[in-house]
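Numbering (this note's numbering), first residue to last: 972 to 1153. Glycine residues also receive a C-beta, built at the ideal position from the N, C-alpha and C atoms. Single-structure report; data block below.
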Amino acid sequence: MSVFIQQLPALIGVVIGALGSYVVVVRGDRMRFVREQAARWEDRKLAVYADYAQSVKRTVTVTYRVAAALGNDPHPDRLSLEEAKPLLADATARRDPSGEALIMLGSPAVVDKARAWVVTALEMERFVRAGREDPEAWQALLERQRAGREGYYAAVREDLGLPPGHSARWPALETGPLPSQR
């Protein structure tokens, strides 16, 4: 019995060491799982945010082209309203599901900024569907759309913990014929 008692401190040390190792491994696995799960959600949110931005931008681009046909915008690819109607319908059909995903996964700040941006895009669509020829009113809508897009991207970057990005406000390009058309 005296040999057992002499070995008891070593045995207790081995048991404590094994339990400590087990706790460290389990805790490390749990922390890694939580980190990986957070990274997966961040990737998914980024995909949803980008998809929504592309769907709104699709509407905006078509309205630029129709506004050019009406004489409100210098966009080089003019498009009549009749030609644009199926494109606008397609843009709406694509935007609605991406909007639902955005509401489901997006932060409240991002969803609010997305709503402000899309409301302006819809106003642009109503403007061109009405056949308005008012370059000043169109420019005011463009500025609101650009500010809305900029606000949306800033909210996305903040939600994802990204550094501030570019405002995407470039100087207007020359509106004359392309070099290949001269």
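Would you check whether the ligand MN has a heavy atom nearer than 7 Å to the C-beta of R1086? Questions concerning the ligand MN fall outside what the structure shown contains, since it holds no ligand whatsoever.
Any chance you could list the beta strand (DSSP E) runs of at least 3 consecutive residues sitting entirely within the stretch 978-1022, in chain order? none
Any contact of the stretch 1062-1078 with the stretch 1019-1027, i.e. 3+ C-beta pairs under 8 Å? Contact check between the stretch 1062-1078 and the stretch 1019-1027: three or more CB pairs, one atom from each, fall below 8 Å, which counts as touching.
Below 8 Å, how does it come out for the stretch 1116-1133 and the stretch 1047-1061: are there three or more Cβ pairs, yes or no? no
Report the option in R1065, A1024, G984 and A1101 whose CA atom is closest to the CA atom of G1077. A1024
For G1042, the nearest candidate out of V985, F975, G1122 and F1098 (CA to CA): F1098
Can you tell me whether L1133 is helix, strand or coil according to DSSP? coil
Assign L1073 to one of three DSSP states: helix, strand, or coil. helix
Would Y993 be called buried (16 or more neighbouring beta carbons within 10 Å of its own) or exposed? exposed
Could you check what DSSP says for A1126 in three-state terms: helix, strand or coil? helix
Coil, strand or helix - L1050 by DSSP: In the structure shown, L1050 sits in coil (DSSP, three-state: anything other than H, G, I, E or B).
Less than 8 Å between the C-beta atoms of T1030 and A1060, yes or no? Taking C-beta atoms as the reference points, T1030 and A1060 fail to come closer than 8 Å.
Roughly how many angstroms separate the alpha carbons of V1082 and L982, rounded to a whole number? 59 Å
Integer-rounded CB distance, given that A1040 should sit under 8 Å from S1051: 5 Å
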